[in-house]
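Take 33 as the starting number for the sequence shown in the working numbering and just add one per residue.
C-beta atoms are modelled at their ideal positions from N, C-alpha and C, and glycine is treated no differently.
Every value quoted in this text rests on a predicted model; they were computed, and no experiment measured them.
Notes for the one structure printed next.
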Amino acid sequence: MGVTAGASAPELLVQEVIETLRQHGGLAVRDLDGREENITFSLPKGLRIPAVAVDD
Numbered sequence: 033m034g035v036t037a038g039a040s041a042p043e044l045l046v047q048e049v050i051e052t053l054r055q056h057g058g059l060a061v062r063d064l065d066g067r068e069e070n071i072t073f074s075l076p077k078g079l080r081i082p083a084v085a086v087d088d
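Structural data, given as structure tokens:
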């Protein structure tokens, strides 16, 4: 079985899927070479807090 995830998939969730597969009989995990992704996503404008409103 293969597991793939896009740049927006949190690594924690990917690891939880892999662990669940191991618990159900998965024997080995093998990382395949792929393209390194280093992408970040901004929050939608409606969810952003202006920097002046953040307390220390």
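Excluding five sequence neighbours on each side, which residues of the same chain lie with their C-beta closer than 7 Å to the C-beta of residue i?
| i | result |
| --- | --- |
| Val61 | Ile50 |
| Phe73 | Ser40 |
| Gly38 | none |
Using DSSP with H/G/I as helix, E/B as strand and the rest coil, what is residue i?
| i | result |
| --- | --- |
| Thr52 | helix |
| Glu69 | coil |
| Leu75 | coil |
| Ala60 | coil |
At the level of alpha carbons, what is the spacing between residue i and residue j?
| i | j | result |
| --- | --- | --- |
| Leu45 | Val84 | 33 Å |
I'd like to check one pair, residue j with residue i: are the Cβ atoms closer than 8 Å?
| i | j | result |
| --- | --- | --- |
| Leu53 | Met33 | yes |
Leaving out five residues before and five after residue i in sequence, what residues of the same chain have Cβ atoms less than 8 Å from its Cβ?
| i | result |
| --- | --- |
| Val35 | Val46, Val49, Ile50 and Leu53 |
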